[in-house]
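**Q** Dropping a structure here in structure tokens format, bear with me for questions.
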Amino acid sequence: MTQVRVAGITKRFGDVTAVDDVSWDFADGRLTVMVGPSGCGKTTLLRIIAGLEEATAGEVLIAGQPVNHIPPWERNTAMVFQSYALYPHMTVFDNMAFPLRARKMSKEDIRRQVERTAQALDIAGLLHRKPRELSGGQMQRVAVGRAIVRQPDVFLMDEPLSNLDAKLRVDMRGELRRLQAELGVTTIYVTHDQAEAMTMADTLLVMRDGRIQQSGDPESIYWRPRNVFVAGFIGSPPMNFIPCRYDPAGHTLVAAGTPFPLPVRLADALSRQPHDRLLLGLRPEDLTVSLKPQAGAIPARTYVAEPLGRETLLLLDGDFLPPGQHLRAIAAAGVRPAMGETVWLTYAAERMHLFDENSGEAIS
Ligand code: ATP
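So that you can map any letter, position 80 of the sequence shown is 86 in my numbering, and since no number is skipped, the others follow by simple counting.
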């Protein structure tokens with residue numbers, strides 16, 4: 007059981023601040039996912055924890071011990087990269103045995119440990135093959151096998167699934183999740199894929215510009231994003247943002263003349279503390295789309311309808327939107343409006359999100 011702590015970590019590359027004063031306790035035995043767009047600093051932070059990169063400031067502690075001056079190979083962390091970095095001339099067995107041989111384990115112990123790990127990963131039948139004789143998914147398993155075979159205290163994984171095709175990715179993320187839970191090894195996992203992050207994480211760290219924007223369990227981040235960035239990054243298709251103002255007389259939001267109903271708690275909050283410019287956030291899955299007019303529903307015109315089998319994804323135009331912006335909505339499978347056809351939108355008031363447009367912060 008190993009806790010990893012970073013305290014005030016900053017990393018600068020010349021003028022670029024890749025990681026900006028980040029502090030976090032990575033929970034013992036759990037899977038923490040660092041997620042964010044390209045360049046947000048997640049890989050750099052992971053490499054600092056691994057010892058592959060030196061921090062400009064701050065401290066890394068593993069199991070309570072400061073490790074800044076301990077080389078990577080003495081940190082008992084195992085890293086799995088996007089490129090599997092297997093030795094091409096060695097068999098799967100030898101690739102997996104490599105870190106154990108480096109530790110001078112007995113031949114018999116190595117054989118037992120490699121075979122046990124290979125069985126757990128369902129690659130026992132591949133031990134005699136060379137990497138070029140493996141599929142992408144099999145190579146990925148071998149790379150994971152090589153990482154776990156030596157029973158590290160901490161797994162560090164940097165986009166380990168991104169070379170796999172979409173289906174295999176989904177399969178492997180479930181398997182990795184299961185393996186991690188079974189082994190109970192503290193794991194820090196880096197990805198830019200929000201779906202991977204949501205499905206795998208015990209704890210999610212959403213990062214941007216070298217800083218943690220929001221942390222917590224995936225559900226609470228999905229339901230209560232702290233700011234516009236997190237709201238737009240977590241969830242697919244992404245949340246719609248509609249610029250609007252609060253009308254205190256009608257207790258509604260008004261977007262370019264169209265009133266949007268508001269729950270009492272938000273109307274109260276806005277009456278107490280006025281905000282100049284607001285963004286109404288509505289997730290596509292939280293909109294209900296009807297082909298017939300409904301009382302209190304908001305009209306929108308169909309720009310395009312994309313049937314997906316189980317549901318229909320709609321791109322809509324509306325007088326309430328800024329020029330050039332579309333609204334995304336997920337409708338039931340049977341709702342297939344023609345291009346230009348008017349549809350009627352409603353939403354449950356508790357599903358709406360509201361942000362101050364200037365600061366980007368959520369209003370609750
Ligand atoms: P990606 O998903 O694209 O790998 P990331 O979130 O992991 O992105 P980092 O790789 O940590 O981001 O990079 C953070 C910032 O630091 C970026 O602006 C990047 O260009 C910069 N950076 C990273 N490594 C170096 C380096 N060795 N030299 C100079 N700048 C670097």
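Cβ atoms here follow ideal geometry from the backbone N, Cα and C, with glycine treated the same way.
Taking only three categories from DSSP, how would you classify serine 296?
**A** If DSSP states are grouped into helix, strand and coil, serine 296 belongs with the strands.
**Q** With DSSP as the reference, identify every bridge partner of tryptophan 30, one or two as the case may be.
**A** DSSP output for tryptophan 30 lists Val12 as bridge partner(s).
**Q** Please state whether DSSP places glutamine 157 in a helix, a strand or coil.
**A** In this structure, glutamine 157 counts as coil in the three-state DSSP scheme.
**Q** Measure the Cβ-Cβ separation of arginine 289 and methionine 345 and say whether it is below 8 angstroms.
**A** Contact: no.
**Q** So is asparagine 101 buried or exposed if we call it buried at 16+ other beta carbons inside 10 Å?
**A** When all chains shown are included, asparagine 101 counts as buried.
**Q** Can glycine 42 be considered in contact with the ligand ATP, in the sense that its beta carbon sits closer than 7 angstroms to one or more heavy atoms?
**A** Flag set: Cβ of glycine 42 near the ligand ATP.
**Q** Any heavy atom of the ligand ATP closer than 7 angstroms to the beta-carbon of alanine 24?
**A** Correct: alanine 24 has its Cβ closer than 7 angstroms to the ligand ATP.
**Q** With a threshold of 8 angstroms between beta carbons, is leucine 259 in contact with chain C?
**A** Within the model displayed, chain C is absent; a lone protein chain is all it includes.
**Q** When DSSP builds the beta bridges, which residues end up paired with methionine 163?
**A** Bridge partners of methionine 163: Val86 and Tyr195.
**Q** Determine the DSSP secondary structure at aspartate 323, reduced to helix, strand or coil.
**A** Three-state DSSP puts aspartate 323 in a strand.
**Q** Taking only heavy atoms of the ligand COA into account, decide whether any of them is closer than 7 angstroms to the Cβ of phenylalanine 239.
**A** Annotation note on the ligand COA: not contained in the displayed structure, which lists the ligand ATP as its ligands.
**Q** Determine, using beta carbons only, whether threonine 308 and leucine 320 come nearer to each other than 8 angstroms.
**A** A contact, by the Cβ cut-off of 8 angstroms.
**Q** Can you check DSSP and say which residues form a bridge with serine 213?
**A** A small fix is needed here, since residue 213 is methionine in this sequence, not serine. In DSSP, methionine 213 forms a bridge with Ile218.
**Q** Per the contact definition of three or more C-beta pairs closer than 8 angstroms, is the segment 187-203 in contact with the segment 159-167?
**A** Short answer: they touch.
**Q** So what does DSSP say about asparagine 233, is it helix, strand or coil?
**A** The answer is strand: DSSP assigns asparagine 233 an E or B state.
**Q** Say the cut is 7 angstroms; is the CB of phenylalanine 19 nearer than that to a heavy atom of the ligand ATP?
**A** Checking every heavy atom of the ligand ATP against the Cβ of phenylalanine 19, one is found closer than 7 angstroms.
**Q** Of all the alpha helix (DSSP H) runs that stay within the bounds of the segment 35-100, which reach a length of 4 or more residues?
**A** Whole alpha helix (DSSP H) segments, 4+ residues: 48-56.
**Q** Determine the direct distance from the alpha carbon of methionine 206 to that of glutamate 225, and round the result to whole angstroms.
**A** Approximately 12 angstroms between the Cα atoms of the pair.
**Q** Based on the DSSP output, what are the partners of lysine 17 in its beta bridges?
**A** Answer by DSSP bridge pairing, in chain order: Val25.
**Q** Starting from aspartate 115, trace the alpha helix (DSSP H) both ways and give me its first and last residue.
**A** Taken as a continuous stretch (DSSP letters only), the alpha helix (DSSP H) holding aspartate 115 covers 113-126.
**Q** So, using beta-carbon positions, are leucine 284 and tyrosine 353 closer together than 8 angstroms?
**A** Against a cut-off of 8 angstroms, the Cβ pair of tyrosine 353 and leucine 284 comes out as no contact.
**Q** Less than 8 angstroms between the beta carbons of valine 234 and phenylalanine 361, yes or no?
**A** Going by C-beta atoms, valine 234 is nearer than 8 angstroms to phenylalanine 361.
**Q** What is the C-beta distance between phenylalanine 266 and threonine 258, in whole angstroms, given that I count them as a contact (C-beta under 8 angstroms)?
**A** Indeed they touch by this definition, with Cβ atoms about 6 angstroms apart.
**Q** What residues are listed by DSSP as bridge partners for histidine 359?
**A** BP columns for histidine 359 point to Gly287.
**Q** Considering just the uninterrupted stretch of the beta strand (DSSP E) at arginine 251, what are its terminal residues?
**A** Element bounds for arginine 251: 246-253.
**Q** Check whether the Cβ of glycine 45 sits closer than 7 angstroms to any heavy atom of the ligand ATP, and report yes or no.
**A** Glycine 45: yes, Cβ under 7 angstroms from the ligand ATP.
**Q** Using CA atoms only, rank isn't needed, just tell me which of Arg152, Gly222 and Arg147 is closest to leucine 167.
**A** The candidate whose alpha carbon is nearest that of leucine 167 is Arg147.
**Q** Expressed to the nearest angstrom, what Euclidean distance is found between the alpha-carbon atoms of glutamate 60 and valine 236?
**A** Rounded to the nearest angstrom, the two C-alpha atoms are 28 angstroms apart.
**Q** Helix, strand or coil, according to DSSP, for isoleucine 227 in the structure here?
**A** Helix at isoleucine 227.
**Q** Leaving out the 5 sequence neighbours to the left and right, which residues in its chain are closer than 6 angstroms to cysteine 46 when beta-carbon positions are compared?
**A** Within the same chain, cysteine 46 has close Cβ partners Met213 and Arg214.
**Q** Give a yes or no on whether the C-beta atoms belonging to alanine 108 and glutamate 121 are separated by under 8 angstroms.
**A** No, they are not a contact pair.
**Q** Indicate whether the contact test is met: 3 or more Cβ pairs, each with one atom in the segment 168-184 and one in the segment 142-159, closer than 8 angstroms.
**A** Contact holds: three or more Cβ-Cβ distances are below 8 angstroms.
**Q** For aspartate 274, tell me which candidate among Pro254, Glu347 and Ser365 has the shortest Cα-Cα distance.
**A** For aspartate 274, the nearest C-alpha among the options comes from Pro254.
**Q** Between glutamine 119 and arginine 316, what straight-line distance do the alpha-carbon atoms span, to the nearest angstrom?
**A** Using only the alpha carbons, I get a separation of about 45 angstroms.
**Q** Ends of the alpha helix (DSSP H) at glutamate 312?
**A** First-last for glutamate 312: 304-313, but that is the beta strand (DSSP E), not the alpha helix (DSSP H).
**Q** Hey, would you say glutamate 80 sits closer than 8 angstroms to proline 249, going by beta carbons?
**A** The answer is no: Cβ separation not under 8 angstroms.
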